[in-house]
Amino acid sequence: VTLTGPIAANGFLAYSQSLSQSRQAYTFSGQDENGTARLYTVSLADGAILSQPAIGTDYFLNSFIAYANRCSAEADFGLAVGCAGDTTRFTNTSSPGAGFLWNFGDPASGAANTSTEVNPIHVYNNPGAYTITLVATDCGADTLSKVVEVPGLATPPFADTTLACEDDFPLTVNAFSSGATYLWQDGTTDSIFLVEATDIPLDLSVEVTLGACVAEFTTFVDRAPDADCPCLLELPNAFTPNGDNHNDFFRPVDQNCRVKAGSYILRIYNRWGEMVFEGSDPDASGWDGNYKNNPAPSEVYFYTLQYISETDLGDIPEERKGDLTLLR
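Heads up, this note's numbering is the position in the sequence shown plus 536, with the first residue counted as 1.
Here is the structure:
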């Protein structure tokens, strides 16, 4: 006899029943390994002929024992991952499988974290690694888990508006994001873009690709108001202390630059390294060309200047060094 129908692997069903030439198959009920009711069929093999007893007489099968392999459900699936916030599509390739239970490993999604659809979809709102589990059931069950990395969009690398002070140029606009590629509006593909003072005002854009995620970021680059920028004190390279009221003192030429109290120090040295002048008040006249109450000789001197502008939020002083010529 030949058995058809689902029976658990290495399991058996024992029955007493009769088959004959006129009744070559018998169907009976039973239970599989999970206790689920099933129908099983015992039949003569193809081409078999009952020769004894005589035709028409039942051939009694005493307590036949039937074995069969378990019907199996092999879970398998593929998926097309989008970015965080996009739709991820799952393709079920299980075999045979009569029922399916998906768990998307995303408890934050609430009831949407599970599905019984054959080919479901799911939206991962946050980037990260997720463990996806599929249980395929038939008369048995099979479970498969896969870990998927859901990428996120690159973090906006800069503000909508970028204001730069004069001393900031050339300005480096940085769009770096680990593992990303870049495409700026001029076709360059570096993670940074240099903006010269002559380029502004400038509408700047970059396309950042991170895995399957593509995002475009823009910023408007312009010059910051002077009041918002650390000021730069400019000093001349020569002066003529001859009493004609023109260029008689060595001092910064821009007196509109306000500095923090106590941060201003101007020192002047002769060629032997002697300090011939020291001033701590940016509003004072400066060096008048005298040293120890005597006119200093006409020659080249050296200066150092330290100060912190009132608009500078830090405590690190601006440092300037240079030489000056005293002319009489």
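No residue lacks a Cβ here, since even glycine has one placed at the ideal position from N, Cα and C.
If you ignore the 5 residues before and after T745, its C-beta comes within less than 7 Å of the C-beta of A716 and T717, all in its own chain and listed in chain order. The count of Cβ pairs closer than 8 Å, one atom from the segment 756-765 and one from the segment 696-716, reaches three, so the stretches are in contact. Here DSSP, grouped into helix, strand and coil, assigns G825 to coil.
Boundaries cannot be given for Y660, as no beta strand (DSSP E) includes it and DSSP labels it neither H nor E.
Y839 has I804 and G858 as its beta-bridge partners, per DSSP.
When Cβ pairs closer than 8 Å are counted between the two stretches, the segment 700-715 is seen not to touch the segment 660-669, the count staying below three. Restricted to the segment 670-742, the beta strand (DSSP E) segments that are unbroken, complete and at least 3 residues in length are 677-686, 697-700, 707-710, 717-720 and 728-731, listed in chain order. Distance from the Cα of S651 is smallest, within the candidate group E854, A644, N830 and F640, for F640. Between the C-alpha atoms of Y839 and I801 there is a straight-line separation of about 10 Å. The alpha-carbon separation between G635 and K682 amounts to approximately 19 Å. No Cβ-Cβ contact shorter than 9 Å links C767 with S714.
Under the criterion of beta carbons closer than 8 Å, F785 and L860 do not qualify as touching, at roughly 11 Å.
V686 and T673 have their C-alpha atoms spaced approximately 28 Å apart. Rounded to the nearest angstrom, the gap between the Cα atoms of T679 and E610 is 8 Å. The DSSP-derived three-state label of P831 is strand. Under the DSSP assignment, V812 falls in the beta strand (DSSP E) whose first and last residues are M811 to G815. When rounded, the separation of the alpha-carbon atoms in N783 and S727 is 48 Å.
Here E743 has L719 and E752 as same chain residues with Cβ atoms under 6 Å from its own Cβ, once five neighbours each way along the sequence are excluded. When secondary structure is reduced to three states using DSSP, G747 falls in the coil class, being assigned neither helix nor strand.
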